[in-house]
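Asks: All residue numbers for the sequence shown refer to my numbering, where the first residue is 2 and numbers rise by one. For every residue, glycine included, the Cβ atom is placed at its ideal position computed from N, Cα and C. Fair warning: this is a prediction, and the values are worked out from it, not measured in the lab.
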Amino acid sequence: MIDVPGHVHDVTLDLFRVVMQFDYSFKEDWFVRGRLPLERRTRTSSLAQVDPASTPEQIEAMERNLQIHHPSEVLKGFGDLELLWGWHVRDLGVEMGNLAIALGSTFPTGRTEENPYELGDDGEAHEHIQFGSGTFDPIIEFSYSRPIGEESIFSIYGQGRFPTAVSSKGYKGSQLVQGGMGVVTPLGKVGPWDHLNGLVGVFVQDMGRAYWDGVEDPNTGFQNVSLQLGISWRDEVMRSWNLSLILPLTVDTSSGPEGTYDPGPIINLAIGF
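See the structure below:
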């Protein structure tokens, strides 16, 4: 064993995520929804020395430790499939007021890992990033929209994922509650777009702790609030386009190590057929 000076692992993660969603309506009131994410996560890691290393052996030991825990790598894979059964209510409260509620479950299609903390304690290479939970997790979501003023639309939406089981690898995923509200208003003709709309809203996430063999994962758990700014339009074949920028306003990881999660801006593009 080599004693090394104080140092930290500086890790950044760039995420590219494509979500494929399919909705099928029965008559006017009921629908089935399927959703499958595909992700590419690019991790870049480096050493940041708190105290200077004095020997090549110390530098080599620190680098070896970095490669065991957080190597620079590109990870790709499908996430957990979501299937939901939903119900529409139209003209709720006001004409053109629409409510949708859906219940369902995730399916464990995403790749999972062995307990990274046990492997790390044994000095073996391991992976903290998982693409799925390894369990069937109940999910619920809702959305409500209604006109305000002469032309604008107010909307509110939310989703919750509530893991109740432990996977065969001893993992219980984080509870996740997220949602937001916003206003869409027409902007008229702008450049080549005849019917351009503007969006401003607020997005909130609350993620709880995950567990490995009943022990809290210290690198999970956060709450954040973000500002969402966007535009939407329809093209000549009636495809819907929604482009938005999500800017983090606050993030709280007070239940875990300081600096564990420092989110950056997100660009979101949704195309509907």
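Any contact between the segment 89-102 and the segment 144-159? By contact I mean 3 or more CB pairs, one from each, below 8 Å.
Replies: Touching, per the Cβ criterion.
Asks: Does N198 come out as helix, strand or coil in the three-state DSSP assignment?
Replies: It is a strand residue.
Asks: Scan the segment 37-93 and note each continuous beta strand (DSSP E) run of 3 residues or more that stays entirely inside, going in chain order.
Replies: Complete beta strand (DSSP E) runs here, min 3: 74-79, 82-90.
Asks: Run through DSSP, which three-state label would P117 get?
Replies: The answer is helix: DSSP assigns P117 an H, G or I state.
Asks: Ignoring anything shorter than 3 residues or poking outside the segment 142-227, list the beta strand (DSSP E) runs there in chain order.
Replies: The qualifying runs are 153-162, 177-191, 194-208.
Asks: Nearest to E308 by alpha carbon, out of R44, H89, D123?
Replies: There is no way to answer for residue 308, as the model of the chain reaches only from 2 to 274.
Asks: Quick one, are the C-beta atoms of V184 and I154 less than 9 Å apart?
Replies: Cβ atoms of V184 and I154: closer than 9 Å.
Asks: What does DSSP give as the partner residues of G35 in its beta bridges?
Replies: Answer is F23, L84, bridged to G35.
Asks: Restricting to Cα atoms, I'd like to know which of E217, R36, N225, P266 is closest to T110.
Replies: Taking only the C-alpha atoms, the option nearest T110 is R36.
Asks: Taking 7 Å as the limit between beta carbons, can you name the residues of its chain near G133, skipping five residues before and five after?
Replies: So the list reads G80, D81, P109, T110, G111, R112, T113, once near-sequence residues are dropped.
Asks: Which term fits L85, buried or exposed, when burial requires 16 or more other beta carbons within 10 angstroms of its beta carbon?
Replies: Buried is the call here.
Asks: Measure from the alpha carbon of D52 to the alpha carbon of each residue in T13, V5, F137, P264, then state which is nearest.
Replies: It is V5.
Asks: Specify whether the segment 239-248 and the segment 208-226 touch according to this definition: at least 3 beta carbon pairs, one from each stretch, less than 8 Å apart.
Replies: In short, these stretches do not touch, since the Cβ pair count stays below three.
Asks: Can you tell which of R91, S47, R65, P266 has its C-alpha closest to the C-alpha of S73?
Replies: Ranking the options by Cα distance to S73, first place goes to S47.
Asks: What is the DSSP secondary structure of D122, counted as helix, strand or coil?
Replies: Helix, per DSSP.
Asks: Which residues bound the beta strand (DSSP E) around F108?
Replies: It spans 99-108 - the beta strand (DSSP E) in which F108 sits, taken as one unbroken run.
Asks: Go through its chain and collect everything with a Cβ distance to A211's Cβ below 6 Å, but skip five positions before and after it.
Replies: G174, S175, D218, T221.
Asks: Tell me which residue opens and which closes the beta strand (DSSP E) that G273 is part of.
Replies: From DSSP, the beta strand (DSSP E) with G273 extends over 267-273.
Asks: From what residue to what residue does the beta strand (DSSP E) around I3 run?
Replies: Premise fails: I3 is in no beta strand (DSSP E) and is neither H nor E.
Asks: On the DSSP letters alone, give me the boundaries of the beta strand (DSSP E) that I130 sits inside.
Replies: Here I130 belongs to no beta strand (DSSP E), and DSSP marks it neither H nor E.
Asks: Whose C-alpha, out of L248, V20, D214, L270, is nearest the C-alpha of Y118?
Replies: Ranking the options by Cα distance to Y118, first place goes to D214.
Asks: According to DSSP, simplified to helix, strand and coil, what is D11?
Replies: Strand at D11.
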